[in-house]
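Participant: Please find one structure pasted underneath; my questions will follow.
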Amino acid sequence: MKTTVDARGLACPQPVLLAKKAIAENEEVIVLVDNEIAVENIRRLAVKTACGFSVTEKEGGVREIGLVRIGATGQAPVDAGAVAAELTCAIVPEKETGPIVVVLSDNRMGRGDDVLGDVLIRA
Numbered sequence: 094m095k096t097t098v099d100a101r102g103l104a105c106p107q108p109v110l111l112a113k114k115a116i117a118e119n120e121e122v123i124v125l126v127d128n129e130i131a132v133e134n135i136r137r138l139a140v141k142t143a144c145g146f147s148v149t150e151k152e153g154g155v156r157e158i159g160l161v162r163i164g165a166t167g168q169a170p171v172d173a174g175a176v177a178a179e180l181t182c183a184i185v186p187e188k189e190t191g192p193i194v195v196v197l198s199d200n201r202m203g204r205g206d207d208v209l210g211d212v213l214i215r216a
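In structure tokens form, the structure reads like this:
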């Protein structure tokens, strides 16, 4: 069965969580998002869950993401590791930089919604 999830205007990680729930319950899912970060996060979800992935740019900056569970439509299984290797690219710094220091001063990320802050700090 095919379903559509409208995740436009939602902040991360909501589009990914909605897509994950929908693909667990359906063989094919269309996810509508309005930002590139959501597209990349759902692309990673597709790799982790061995789903087919496609994205189409629509009017007004909306992206239509198609997810299909591999095997649901007679497709051959995909090696998720091979797909992940294809999606990985090396980042080469233009000039030598010093060490990177990351400081976490709280057990949550950001201010406001504590539930979202807890989810983000674990990611």
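All residue numbers for the sequence shown refer to this note's numbering, where the first residue is 94 and numbers rise by one.
Beta carbons are placed, not taken as given, at the ideal position from N, Cα and C, and that holds for glycine.
Taking C-beta to C-beta, are ASN158 and ILE123 nearer than 9 Å?
Facilitator: Position check: residue 158 holds Ile in this sequence, whereas Asn was assumed. Yes, Cβ-Cβ distance for ILE158 and ILE123 is below 9 Å.
Participant: Can you tell me which of ILE135, ASP211, ARG101 puts its alpha carbon nearest to the alpha carbon of GLY217?
Facilitator: Since the first residue of the chain shown is 94 and the last is 216, residue 217 is not available in this structure.
Participant: Can you look up ILE130 in the DSSP assignment and give me helix, strand or coil?
Facilitator: Under the three-state reduction of DSSP output, ILE130 falls in the helix class.
Participant: With the cut-off set at 9 Å, would you say CYS144 and ARG162 are in Cβ contact?
Facilitator: In this structure, ARG162 lies closer than 9 Å to CYS144 by Cβ.
Participant: Measure from the alpha carbon of THR142 to the alpha carbon of each residue in ASN128, LYS114, LYS151, then state which is nearest.
Facilitator: LYS114
Participant: If you count every other CB in all the chains shown that lies within 10 Å of the CB of PRO192, and 16 or more means buried, which is it?
Facilitator: exposed
Participant: Can the beta-carbon of GLU133 be found closer than 9 Å to that of MET94?
Facilitator: no
Participant: Go ahead and pull the three-state DSSP assignment for GLU120.
Facilitator: Three-state DSSP puts GLU120 in coil, outside helix and strand.
Participant: Spell out the partners DSSP gives ARG162 in its beta bridges.
Facilitator: CYS144
Participant: Is the distance from the Cβ of GLU118 to the Cβ of THR96 below 9 Å?
Facilitator: Result yes, Cβ atoms of GLU118 and THR96 sit closer than 9 Å.
Participant: In angstroms with no decimal places, state the Cα-to-Cα distance between ILE214 and ASP127.
Facilitator: Their Cα atoms are separated by approximately 24 Å.
Participant: Once DSSP output is grouped into helix, strand and coil, what is the label at LYS114?
Facilitator: helix
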